[in-house]
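Residues in the sequence shown are numbered from 1 upward in steps of one, following the UniProt record's numbering. A virtual CB, placed ideally from N, CA and C, is assigned to each residue, including glycine. Note that the coordinates shown come from a computational prediction; the quantities given were computed from them, not determined experimentally.
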Amino acid sequence: THTVTIKNAAAGIVSSLRSDNFTSKPEEGKNLVRFVNNLPQTVNITMGDTTFGILEETSISNYSPFSGGRTYDIVITAGSTNCKPTSEKLGYGGAYTIVINECSGDVTQLRYIEDIQPNTVHMAWQIPQYFILTCGEVVFSVTGLEFSYSQAPSNMKSVLQAGWLLTVAVGNIIVLIVAGASKLSDQWAEYVLFAALLFAVCIIFAVMAYFYTYTDPNEVEAQLDEEEKKKQIKQDPDLH
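What follows is the structure, given as structure tokens:
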């Protein structure tokens, strides 16, 4: 994409064309900021620790990343005049174009344009979601381990618990494959895919639970003890 600036100056119409170096929403909650010089002279711009360099009349700088949730000191040098305004508080994940309309003495007029709107949902809304996920994980893991331990024979309890933990590892591998090798460019599409897989697994487990025949662990242990006694009797008839 490109950005075109047009100004009706005394010498006629002045225009400038700039190819945008960013066209998508910034990652990690950072912001993108650029400047447009609407003054009739060359300016040098610095914002925080970032120098945008010299901008001619109606020229546009490249985007530069800035952290969100704070303000920055701006230094605009136009000839022998230095203007030092403070920027507005930036959001998270937005892109801004700051137009310099006036810089004379203590008077600085800046216009802020949101090229990409910042995030509007606060990160604290993730707390209830993580709480529900944690509760679900605790309930599912504890009951699953208890079920596998109680239904397995004594000589297979450790193996079955290891198999239970193996399913967690396989699930993580599936997530890595989907996130790294899939062609889903949108995050919401991955969420829909995982939700569909979870729904399919729920149906499979529901069918298995309906036809599953539960065993009494005490009966299993008694049967194993009885078989063990029979083996000992066969090996040493005098024990009988």
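Annotated three-state conformation of L176 is helix, per DSSP. In the structure shown, Q117 falls within a coil segment according to DSSP collapsed to helix, strand and coil. In this chain, the alpha helix (DSSP H) harbouring Y149 covers 126 to 151. For the set T97, Q117, I116, the Cα lying nearest the Cα of L110 is the one of T97.
Ranked by how close their Cα comes to the Cα of A179, the residues E88, T167, F194 have F194 in first place. Residue state for G53 is assigned as strand, using DSSP reduced to three classes. In this structure, P118 lies near G93, with their beta-carbon atoms less than 8 Å apart. For L90, the three-state secondary structure derived from DSSP is coil. Distances from the CA of L55 to each of Y72, S87, I100 were compared; the closest alpha carbon is that of I100. Collapsing the DSSP output to three states places P26 in coil.
DSSP, reduced to helix, strand and coil, places D225 within a helical segment of the structure shown. Per DSSP, the unbroken beta strand (DSSP E) holding L32 starts and ends at 31 to 37. In terms of Cα proximity to E28, the closest of E114, V107, S67, K7 is S67.
Nearest to V201 by alpha-carbon distance, out of T167, E226, I233, is T167. Annotation for Y72: M47, G48, S87 place their beta carbon closer than 6 Å to its own, counting only its chain and skipping 5 residues before and after. For M208, the uninterrupted alpha helix (DSSP H) segment begins and ends at 187 to 211. L39 sits buried, since 16 or more C-beta atoms from the chains shown fall within 10 Å of its C-beta. In this chain, P40 is not harboured by any beta strand (DSSP E), its DSSP state being neither H nor E. Comparing alpha carbon positions, the residue from V170, C103, N172, L145 closest to V159 is L145.
Nearest to R70 by alpha-carbon distance, out of S59, T58, G91, is G91. Secondary structure at S64: strand, using DSSP grouped into helix, strand and coil. N155: not part of any beta strand (DSSP E); DSSP gives it neither H nor E. K230 carries a helical assignment under DSSP once its states are collapsed to helix, strand and coil. Note: A95 is bridge-paired with L32, I116 in the DSSP secondary-structure output.
Of the candidates A222, P26, L197, N155, the residue whose Cα lies closest to the Cα of I174 is L197.
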